[in-house]
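Number of protein chains: 2
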Amino acid sequence: EIVSSLIPNNKIEDGLAGVNVLITAGPTREAIDPVRFLSNHSSGKMGYAIAKAASQAGANVTLVSGPVSLQTPTDVNRVDVSSASDMHKAVMSHVSDCDIFIGCAAVADYRPVNVGEQKIKKDNNELTLTFTKNPDILADVAKLDHAPFTVGFAAETQNVRDYALKKLKAKRLNMIAANDVSNKDIGFDSDKNALSVFWNNGEEHLAIADKEQLAFSLIELITKKYKSN
Amino acid sequence: EIVSSLIPNNKIEDGLAGVNVLITAGPTREAIDPVRFLSNHSSGKMGYAIAKAASQAGANVTLVSGPVSLQTPTDVNRVDVSSASDMHKAVMSHVSDCDIFIGCAAVADYRPVNVGEQKIKKDNNELTLTFTKNPDILADVAKLDHAPFTVGFAAETQNVRDYALKKLKAKRLNMIAANDVSNKDIGFDSDKNALSVFWNNGEEHLAIADKEQLAFSLIELITKKYKSN
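Protein chains in written order, with our numbering: chain W, 149 to 377; chain F, 149 to 377.
This is the structure:
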């Protein structure tokens, strides 16, 4: 009893001791000109909570982060990026020695084809912008020759299960965690979330909880599946 | 000497005692779908500093604010909005009893014509979005029958003076404060700024300083011009 009382009680089992975990978090910003950008409502809270949980499980954690207003968790190596292209580059330069990749960032799917060097003047009543697809970080990681155990996220507003299963298969992920961002009690700006996690022939539903708590449950699940992989 | 030591030394003269000041601050966000939006790099720091300075000068201050991560200054009535249309509505509902209007927000000039009710799926390699002009809050305030003393801002990346003077005239403003956001030492993400202030047949240049300090200088200048108006 004396020994156990010395173990910090917020420490989850060292299931990921010595394991290298690469995590992306937050939104990306796609510049339209020096002033304007396209972004999304990701707060980064879920990804940061996952980084914290993985670190507390003993992993060496690198967190590639879009622009957020969050503190870096203790012992986590944070790499700041802005655009999806920047994030893709940062991930690719850190992925070679990574064992588990968790793509939690809400990466912008599209970026403007032309980025104005100067602020676009509003001379016209209408403005038409053409966007082109950004690199698909998750898919690019999962198709690497020595791909890490790859976990994706799906933030959807409808048909959450269908889209998640489709994404799991299409991108050849090991796992995907899906949430319904149309539910305002959970998701982007909230401190709470709920996740449906899918893998090949299996699924588990993590009920609504604080993002910090949920991150611990998710890391436990990832650890189990990673070790049996 | 005893009396003067009782006056808080961070209090500027009560030049705006009893004056109603309406200020906008921060960026706006223009929804593309429930997940994505168009925004800009305004941090809201300058507008919040102006609200603080006006309040300390004795004004009754209402601050219509876009999404920012800033504390509301003491004694300031804050109204939170997201889109330019929301901001326009909030300003119009507070402008009737306002004596001075300071439009410091970086209002998005355009919003998407069609807002997706569900998250847009990335089935296509290219995406074309059409944007339409947002209401012009500054111009709409300045052209009111009993318009307040109206102060605009111009954030430019080139030809700052020309654009500012053009905007002063075109929108019939009483004053305009211009800054060069292409200079990374000042402007959006910085705690410092420098402003060139123009009015009919006059101008004054406020040198680079902390945004809080600069806000006090600007409020002093606005007070002088408002009173001689």
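All C-beta atoms, glycine included, are put in the ideal place defined by N, C-alpha and C. None of these values were measured; they are calculated from a predicted model.
- Going by DSSP, name the residue or residues bridged to LEU117 of chain F. Past the edges of chain F, shown from 149 to 377, lies residue 117 of chain F, and the structure says nothing about it.
- Query: Can you give the Cα-Cα distance for LYS267 of chain W and LYS291 of chain W, rounded to whole angstroms?
  - Reply: If you number the first sequence from 1, residue 267 of chain W lands on position 119. If you number the first sequence from 1, residue 291 of chain W lands on position 143. Going by the C-alpha atoms only, they are around 39 Å apart.
- Who pairs with GLY251 of chain W in a beta bridge, going by DSSP? Position 103 of the first sequence holds residue 251 of chain W. Note: GLY251 of chain W sits in a beta bridge opposite W:THR172, W:GLY300.
- Query: By how many angstroms is the C-alpha of ILE324 of chain F removed from the C-alpha of LEU154 of chain F?
  - Reply: On the second sequence, residue 154 of chain F is found 6 positions in, with the first residue counted as 1. On the second sequence, residue 324 of chain F is found 176 positions in, with the first residue counted as 1. Summary for LEU154 of chain F: the model assigns pLDDT 44, below 50, so the residue's position carries little reliability; its value from the coordinates is reported in the next sentence. Cα to Cα, the separation comes out at about 36 Å.
- Task: Buried or exposed for GLY166 of chain F, please, with buried defined as at least 16 other CB atoms from any protein chain shown within 10 angstroms of its CB.
- Result: Within the second sequence, residue 166 of chain F is the residue found at index 18, counting from 1. GLY166 of chain F is exposed by the Cβ-count criterion.
- Query: Just how far apart, CA to CA, sit ALA173 of chain W and SER231 of chain W?
  - Reply: For the purposes of this step, residue 173 of chain W is taken as the residue at position 25 of the first sequence. For the purposes of this step, residue 231 of chain W is taken as the residue at position 83 of the first sequence. Just so you know, the alpha carbons of ALA173 of chain W and SER231 of chain W end up roughly 12 Å apart.
- Query: Mapping DSSP to helix, strand and coil, what is THR210 of chain F?
  - Reply: As a working mapping, residue 210 of chain F is identified with position 62 in the second sequence. Note: THR210 of chain F maps to strand in three-state DSSP.
- Cβ pair ILE370 of chain F, ILE248 of chain F closer than 8 Å: As a first step, residue 370 of chain F is located in the second sequence; it is residue number 222 there, counting from the start. As a first step, residue 248 of chain F is located in the second sequence; it is residue number 100 there, counting from the start. Yes; because the gap between Cβ atoms is below 8 Å, this pair is in contact.
- Query: Considering only residues of the same chain and omitting the five flanking positions on each side of ARG177 of chain F, which have a CB-CB separation below 8 Å?
  - Reply: For the purposes of this step, residue 177 of chain F is taken as residue 29 along the second sequence, with counting starting at 1. Around ARG177 of chain F: PHE185, LEU186, SER187, GLY214, PRO215, SER230, SER231, ALA256.
- Message: Using a Cβ-Cβ distance cut-off of 8 Å, determine whether THR220 of chain W contacts chain F.
- Response: Translated into the one-based positions of the first sequence, residue 220 of chain W becomes position 72. No, its Cβ sits nowhere closer than 8 Å to a Cβ of chain F.
- Where LEU164 of chain F meets chain W, residues with beta-carbon distance less than 8 Å: Position 16 of the second sequence, counted from the start, is the residue given in the question as residue 164 of chain F. Chain W residues near LEU164 of chain F: none, gap ~31 Å exceeds 8 Å.
- Does TYR258 of chain W have its Cβ less than 8 Å from a Cβ in chain F? Walking along the first sequence from the start, residue 258 of chain W turns up at place 110. Closer than 8 Å to the CB of TYR258 of chain W there is at least one CB belonging to chain F.
- Taking only beta-carbon atoms, is LEU313 of chain F less than 8 Å away from chain W? In the second sequence, counting from the first residue as 1, residue 313 of chain F sits at position 165. So, not an interface residue.
- Compare the C-beta of SER338 of chain F with all C-beta atoms of chain W and state if any pair is closer than 8 Å. Here residue 338 of chain F corresponds to residue number 190 of the second sequence, with the count starting at 1. Output row for SER338 of chain F: interface = no.
- Item | Cβ separation of ALA287 of chain F and GLU304 of chain F, assumed to be a contact under 8 Å, to the nearest whole Å | Counted from its first residue, the second sequence places residue 287 of chain F at position 139. Counted from its first residue, the second sequence places residue 304 of chain F at position 156. Rounded, the Cβ-Cβ distance is 17 Å, inconsistent with contact.
- Message: By the DSSP assignment, the beta strand (DSSP E) with GLU274 of chain W in it spans what residues?
- Response: Numbered from 1 along the first sequence, position 126 holds the residue referred to as residue 274 of chain W. Note, GLU274 of chain W: beta strand (DSSP E), 274-281.
- Give me the Cα-Cα distance between GLN306 of chain W and ASP328 of chain W, rounded to the nearest whole angstrom. Indexing the first sequence from 1 puts residue 306 of chain W at position 158. Indexing the first sequence from 1 puts residue 328 of chain W at position 180. Looking at the two C-alpha atoms, the distance is approximately 7 Å.
- Message: Any beta carbon from chain F within less than 8 Å of HIS189 of chain W's own beta carbon?
- Response: To locate residue 189 of chain W, count along the first sequence from 1; it is residue 41. For HIS189 of chain W, the answer is yes, since a Cβ of chain F falls inside 8 Å of its Cβ.
- Query: With 16 as the cutoff for other CB atoms within 10 Å, does ASN157 of chain F come out buried or exposed?
  - Reply: Here the question's residue 157 of chain F lines up with position 9 in the second sequence. For ASN157 of chain F, the pLDDT reaches just 44, beneath the cut-off of 50, and the residue's location in the model is therefore unreliable, leaving the point undetermined.
- Roughly how many angstroms lie between the CA atoms of ALA199 of chain W and ALA205 of chain W, to the nearest whole one? The residue given as residue 199 of chain W occupies position 51 in the first sequence. The residue given as residue 205 of chain W occupies position 57 in the first sequence. Approximately 10 Å, taken between the alpha carbons.
- Item | Cβ neighbours of LYS375 of chain W in the same chain (closer than 8 Å, five flanking residues each side left out) | In the first sequence, counting from the first residue as 1, residue 375 of chain W sits at position 227. If you ignore the 5 residues before and after LYS375 of chain W, its C-beta comes within less than 8 Å of the C-beta of GLY163, all in its own chain and listed in chain order.
- Is it true that the CB of THR280 of chain W sits closer than 8 Å to the CB of ASN273 of chain F? Mapped onto the second sequence, residue 273 of chain F falls at position 125. Mapped onto the first sequence, residue 280 of chain W falls at position 132. Closer than 8 Å, so yes.
- Message: Would you say VAL263 of chain F lies against chain W (beta-carbon separation less than 8 Å)?
- Response: For the purposes of this step, residue 263 of chain F is taken as the residue at position 115 of the second sequence. It does not; no Cβ of chain W falls within 8 Å.
- May I have the straight-line CA-CA distance separating ASP333 of chain F from VAL224 of chain F, to the nearest angstrom? To locate residue 333 of chain F, count along the second sequence from 1; it is residue 185. To locate residue 224 of chain F, count along the second sequence from 1; it is residue 76. The straight-line gap from Cα to Cα measures roughly 29 Å.
- With a CB to CB cut of under 6 Å and the five nearest residues on each side skipped, what residues in its chain are close to ASN426 of chain W? The displayed coordinates of chain W run from 149 to 377. Any statement about residue 426 of chain W would go beyond what the structure contains.
- Task: Kindly indicate which residue of F:ASN331, F:LYS373, F:ALA342 has the alpha-carbon position closest to the one of ASP358 of chain F.
- Result: The sequence position of residue 358 of chain F within the second sequence is 210, counting from 1. Taking only the C-alpha atoms, the option nearest ASP358 of chain F is F:ALA342.
- Task: Check distances from the C-beta atoms of the stretch 184-212 of chain F to those of chain W and list, in chain order, the residues that come in under 9 Å.
- Result: Correct list: ARG184, PHE185, LEU186, SER187, ASN188, HIS189, SER190.
- Minimum Cβ-Cβ distance from VAL289 of chain F to chain W less than 8 Å: In the second sequence, residue 289 of chain F corresponds to position 141, counting from 1. It does not; no Cβ of chain W falls within 8 Å.
- Kindly indicate if chain F contains any beta-carbon less than 8 Å away from that of ILE150 of chain W. What you label residue 150 of chain W is simply residue 2 of the first sequence in a count that begins at 1. The predicted position of ILE150 of chain W is uncertain, since its pLDDT is 44 and thus under 50; a value taken from the coordinates is nonetheless stated next. It does not; no Cβ of chain F falls within 8 Å.
- Of the choices F:HIS294, F:THR210, F:ASN348, F:ARG259, whose alpha-carbon is the least far from that of THR278 of chain F? As a working note, residue 278 of chain F is residue 130 in the second sequence. Closest by alpha carbon: F:ARG259.
- Task: Select from W:VAL308, W:ASN348, W:ILE171 the residue whose C-alpha is nearest the C-alpha of SER241 of chain W.
- Result: To locate residue 241 of chain W, count along the first sequence from 1; it is residue 93. Of the candidates W:VAL308, W:ASN348, W:ILE171, the one whose C-alpha sits nearest the C-alpha of SER241 of chain W is W:ILE171.
- Query: Using Cβ-Cβ distances below 7 Å, what residues of the stretch 270-285 of chain W are close to chain F?
  - Reply: For the stretch 270-285 of chain W, the set of residues with a beta-carbon nearer than 7 Å to any beta-carbon of chain F comprises LYS270, ASN273, GLU274, LEU275, THR276, LEU277, THR278, PHE279, THR280, LYS281, in chain order.
- Message: Determine, for VAL329 of chain W, whether the minimum Cβ-Cβ distance to residues of chain C falls below 8 Å.
- Response: Any reference to chain C falls outside this structure, whose protein chains are W and F.
- Task: To the nearest angstrom, report how far apart THR210 of chain W and ASP228 of chain F are at their CA atoms.
- Result: Looking up residue 210 of chain W in the first sequence gives position 62. Looking up residue 228 of chain F in the second sequence gives position 80. So the alpha carbons of these two residues sit roughly 36 Å apart.
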